[in-house]
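Numbering (this note's numbering), first residue to last: 26 to 203. For glycine and all other residues, C-beta sits at the position ideal for the given N, C-alpha and C. Predicted, not measured: the structure shown is a model, and the values here were computed from it. Heads up, the thing below is written out as structure tokens.
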Amino acid sequence: MDVLVMVEDRPEHSTVLAHVNSVPSPLNSERPSRDVVTLYGDPTPELLALALAAAVEARREPSERSETIRHVALWPERGAVGDAAWRDEAGALATRDVVIPMDTLKNTGTHLMLECGGSIRRLIAGLTMPDWPEGTRRAISFTLTSTAVAPAIAGAQSDSFLDSYRSADGIGVDTEGD
């Protein structure tokens, strides 16, 4: 599962913790779909684990299709709430609501932290480094593979959580020795 994690200032008058959106792969492209996780305020490893849990849990629908577009908001009091949309075999637009209770997100997030909390913390450290150029969007792209993710994604490997980091704006992280 390809993921882009971004950090933005907290929206005014909103308690939303994060947004998780999916971007399907372009037609006739071998590039996989991508989930975009936007964390608001000061990012923490626990918040990133909850947001990644929302991305994983939103994919668990049995009728999930690779071209599904999901928009999910993570709320402290409601869990993850949003919707998913895709074209069915006849070409008609199909939608479903996505509601993931906070207990489910906490359980999956805890599993992700237990399995690879060090990698999650390194990703947060990269996003919170003080030397990002002013005006630059803080974002790091990586590939997520985990035993928690494998049931949600066909063909996923379950050997490691962060199989690789890819550079974003020249920031790279060495994962040797994990």
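Take the Cβ of residue i as the centre, count every other Cβ of all protein chains shown within 10 Å, and call the residue buried at 16 or more, exposed below.
i: residue 150; result: exposed
i: residue 104; result: buried
i: residue 133; result: buried
i: residue 68; result: buried
i: residue 138; result: buried
i: residue 95; result: buried
i: residue 70; result: buried
i: residue 147; result: buried
i: residue 83; result: buried
i: residue 113; result: exposed
i: residue 44; result: buried
i: residue 78; result: buried
i: residue 118; result: exposed
i: residue 15; result: Limits of the chain in this structure are 26 at one end and 203 at the other, which puts residue 15 out of reach.
i: residue 115; result: exposed
i: residue 76; result: buried
i: residue 39; result: exposed
i: residue 154; result: exposed
Under the three-state reduction of DSSP, which class applies to residue i: helix, strand or coil?
i: residue 31; result: strand
i: residue 81; result: helix
i: residue 42; result: coil
i: residue 26; result: coil
i: residue 117; result: coil
Mind checking which residues open and close the alpha helix (DSSP H) that includes residue i?
i: residue 134; result: 127–152
Going by DSSP, which residues form a beta bridge with residue i?
i: residue 163; result: 32
i: residue 50; result: BP columns for residue 50 are empty, so no partner.
Could you please give the first and the last residue of the uninterrupted beta strand (DSSP E) stretch that includes residue i?
i: residue 157; result: It is not in any beta strand (DSSP E) - residue 157 carries neither H nor E in the DSSP assignment.
i: residue 63; result: 59–65
i: residue 56; result: Looking at the DSSP string, residue 56 is not in any beta strand (DSSP E), and its letter there is neither H nor E.
i: residue 95; result: 94–100
i: residue 112; result: 104–112
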